[in-house]
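Below you'll find the structure, written out as structure tokens, and then a few comments.
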Amino acid sequence: MADAERLPQPVLQAPRRRRGRRSSVRSWRRTDQLIWALAWLAGIGVCVVVGAIVAFLTAKGLGALSPKLLVTRPSPSVDQSGSGGFLDPIIGTLTLAAIGTLIATPLALMTAVWVVEYGRPRWLAATVETSIEMVAATPDIVLAIFGLALFQFGILAPLSFRGSGGGVYGRSFFAAGITMSLIALPLTYTATRNGLRSTPRQLREASYALGKTRAATIRRVLVPRVRSDVATGATLGMGRIIGSTAIVVLLLGATLQNSSQGSVPLLGFLRGTGSTLTSYVLENSPAGEGNAPQKAYAAAFVLLLIVLVLNAIVARISRIGDAAGLSAGRLSL
Amino acid sequence: MVVFVAQRAWPTLSHEGLSWLGSGGNVDNQIGSMANTSSSPPASAFYLRAWPLMYGTLLTAGLAVIAGLVISLLTSIFIVDLAPPPVRRAMTPVIRLLASIPSVILGLIGILAVVPFVGAHLITGGEKESVINVIQLTGAGLLVSVFTLTVMVTPIMTALITEALGSVPRSWHEGAIALGLSPLRATIAVSLRAIRPAIIAATALATARAMGEAIVIDMVSGGKAFSPNPADGLIFIFEPLRTLASEIIDQAEGLSEPALRSSIYAFALLLMFSGFMLSIGSRLVRRPLRKYELSS
């Protein structure tokens, strides 16, 4: 060992770059040149499409947006100037995102901790893993229609809107929020599980060596460690919730105004029907009933802004995580 | 979940059997007449041939995923191999943004910008007149549906493929270059082969997404359960269609009619079933490739 250390270290040099890449492209096969050109085209094309979408919406949205739109409630009207703003949809979006995330995050965290840290019996852990994968692969329209079937059940009726005849429609903020948590769950679960799996075993063993029990290790060592993964997953899930339209249309009713059910203030609101920005955009597009493109553009622009902010938050969290060496900084979806 | 949906779909399945999946008749009319049946419908009320909807689903999803696969493979090669470092760093947030744009926004742009453009510039008056008695060509149809879906699935696939390409050991790629391959050829011959399982997984996920997308298709597909027919020549790509998912969202109002409700749950069951088949199928295909599986 000592001898080896005394030997002069070979000086490692980066291999000199061969002739410029451009000149070598010409010497490639024709098919390779074509692929090279197409790859550049695709890369630039994707950027152009993203840029075009953002620019188009910004131009149309800023033109149609006014502060008044954000604070007035929508109202039925034939012409666009009288149909009010989209205060209710904004409240609806925020409420749904809050309910969905509040349900999904603890559930995902607990499931991930159980699967990674305990995971016995093994078949149960495998089943949990597979079912979450299945939920992730299920289209949200199917989740929506499943939720509708579920919340029309008599036992769950107090959670939702009732028709005048006492019929249970299974439509409410509760119903939609709980269903929304299903689309956020897989994202949060996967992020948390990956974080836990990438935690070195030594960390757990060191904690046990210090006399901590398994539960204390999870609470004091592991959960703080995967905090940034959980946050990333939860934010991604929130983005999906905010962007989902099908569940809103089927389970929230996509009504014009948020209408309460019953007289208890908050509870009544949550049991009532309403709309979100996505359903508002749909209703005001030519495909919906409102047909007020200006309103639709403005609402879509607000929606895009929310998504941008969420993306920035995800990027920030994963950067903090990277700096602390916690998350792998993956381009997770 | 399966039990719930299947239970609701049972009347349709029991009345119609497997021929439900067949073709025949006009789905729009069949569904329209369902809405008028009573609360205890006779067996004849369940009559429906779902093939046009399935055909629309398979056609749009298939074409969009094929287009998306080609574009995302090229984009991934671009990001990993060709792009200069600053561009490469900028691409990640761009892809992520595109992936997180709510689909209803894409639908809105599709219906307000792309559809009128296609209707005004790509379809000639003669083409419109030639089919005026059967369908209206407004621009909304197969082309715009596939285009919007492609924009939707491409970033998902690109993200997954890029991530997998990044996890291929550098030495494999460099070894191939040392053997005399050009860097691009090395990526194609070595890296892309190594990540085949990831490509398959990405394709399966994208297909599931494309088949289940309801809102966008509902907005830009023309809303008529017409089966675009390649034999019609070029106007094939402008013909309207409907998919299973968009039919569900469209008929959501009619859920109180037993016959219609049962049919809609049967659509959902079909979608769910194909989603499961996709994930099982992609696992089976990946199994023999497992020796390539990279520890990432």
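As you go down the protein sequences, you meet chains R and G in turn.
Its first residue numbered 1116, the first sequence is counted upward by one per residue in our numbering.
Its first residue numbered 207, the second sequence is counted upward by one per residue in our numbering.
Just so you know, even glycine gets a beta-carbon here, dropped at the ideal spot from N, CA and C.
Keep in mind that this is a model prediction, so the values were computed, not measured.
When the Cα atoms are used, what is the spatial distance from residue i to residue j?
i       : j       : result
G/F284  : R/A1154 : 5 Å
R/A1174 : R/G1166 : 12 Å
R/V1140 : R/M1249 : 44 Å
G/L495  : G/A410  : 16 Å
G/A270  : R/G1383 : 43 Å
R/Y1304 : G/R492  : 23 Å
R/I1256 : R/T1350 : 22 Å
G/M425  : G/T263  : 15 Å
R/L1392 : R/Y1323 : 49 Å
R/G1160 : R/I1333 : 46 Å
R/S1296 : R/L1325 : 38 Å
G/I470  : G/A212  : 11 Å
R/Q1148 : R/S1142 : 9 Å
R/S1447 : G/I307  : Its pLDDT being 42, under 50, R/S1447 is placed unreliably in this model, and the value from its coordinates should be taken loosely. In a straight line, the C-alpha of R/S1447 is about 15 Å away from that of G/I307.
G/F482  : R/M1225 : 25 Å
R/A1212 : G/G381  : 49 Å
G/V396  : R/L1209 : 47 Å
R/I1247 : G/A273  : 28 Å
G/A346  : R/N1399 : 18 Å
G/L355  : G/T266  : 8 Å
Mapping DSSP to helix, strand and coil, what is residue i?
i       : result
R/G1389 : strand
G/G428  : coil
R/R1137 : For R/R1137, the predicted structure reports a pLDDT of 47, less than 50, and the residue's modelled location is therefore unreliable. A value from the coordinates is still provided. In this structure, R/R1137 counts as helix in the three-state DSSP scheme.
R/G1326 : coil
R/G1358 : helix
G/G274  : helix
R/G1178 : helix
G/G386  : coil
G/M483  : helix
G/R492  : helix
R/G1368 : strand
R/R1235 : coil
R/G1281 : Low confidence applies to R/G1281: its pLDDT is 49, below 50, so where it sits in the model is not reliable enough to give any reading.
R/P1408 : helix
R/S1287 : coil
G/W257  : helix
G/E445  : coil
R/S1400 : coil
R/F1201 : coil
R/V1341 : coil
R/V1228 : helix
G/Q195  : A query on residue 195 of chain G cannot be resolved here, the shown segment of chain G reaching from 207 to 502 and no further.
Is the CB-CB distance between residue i and residue j below 9 Å?
i       : j       : result
R/L1205 : R/V1417 : The identity of residue 1205 of chain R in the sequence shown is Ile, whereas the question assumes Leu. Contact: yes.
R/P1189 : R/F1201 : yes
G/L147  : R/W1151 : The structure shown does not extend to residue 147 of chain G, since chain G spans only 207 to 502, so no value can be given for it.
G/I443  : G/L348  : yes
G/I507  : G/S452  : Residue numbering for chain G in the displayed model covers 207 to 502; residue 507 of chain G lies beyond these limits and cannot be assessed.
R/T1216 : R/I1356 : yes
R/T1347 : R/I1432 : yes
G/E419  : G/S278  : no
G/F432  : G/L450  : no
R/A1157 : G/L280  : yes
G/M417  : G/L477  : yes
R/T1253 : R/I1362 : no
G/T413  : G/L484  : yes
Find the residues of chain R that neighbour residue i, judging by a C-beta separation of less than 8 Å, and give them in chain order.
i      : result
G/P299 : N1426 and A1430
G/A474 : I1256, V1257, I1260 and F1261
Using a cut-off of 7 Å between C-beta atoms, extract the partners of residue i located in chain G.
i       : result
R/A1402 : I317, D424 and M425
R/A1361 : A420, I421 and I455
R/D1147 : S388, L390 and R391
R/A1411 : L314
R/W1155 : F284 and L288
Please list, in chain order, the chain R residues whose beta carbon lies closer than 7 Å to that of residue i.
i      : result
G/F482 : M1249
List the residues of chain R whose Cβ lies closer than 9 Å to the Cβ of residue i, in chain order.
i      : result
G/L304 : V1161, V1164, V1165 and I1168
Can you list the residues of chain G that residue i reaches, using a CB-CB cut of under 8 Å?
i       : result
R/P1408 : L318
R/V1422 : L303, S306, I307 and P308
R/I1150 : L280, I283, L390 and I394
For residue i, which residues in chain B fall below 8 Å Cβ to Cβ?
i      : result
G/M260 : Absent from the structure is chain B; the protein chains it does hold are R and G.
Starting from the beta carbon of residue i, find every residue of chain G whose beta carbon is closer than 9 Å, and list them in chain order.
i       : result
R/W1143 : S388, L390 and R391
R/V1364 : A420, I421, I455 and A458
Contact set between the segment 343 to 362 of chain G and chain R, restricted to residues whose Cβ is under 8 Å from the partner: V357, T360, P361 and I362
- prompt: Just by C-beta distance, which residues in the segment 1232 to 1254 of chain R are closer than 7 Å to chain G?
  reply: E1248, M1249, A1252, T1253 and P1254
field: Residues, ordered as in the chain, of the segment 262 to 286 of chain G that lie near chain R by beta-carbon distance below 9 Å
entry: V276, I277, S278, L279, L280, T281, S282, I283, F284 and I285
Chain-ordered residues of the segment 398 to 414 of chain G with a beta carbon less than 9 Å from chain R: A410, L411 and A414
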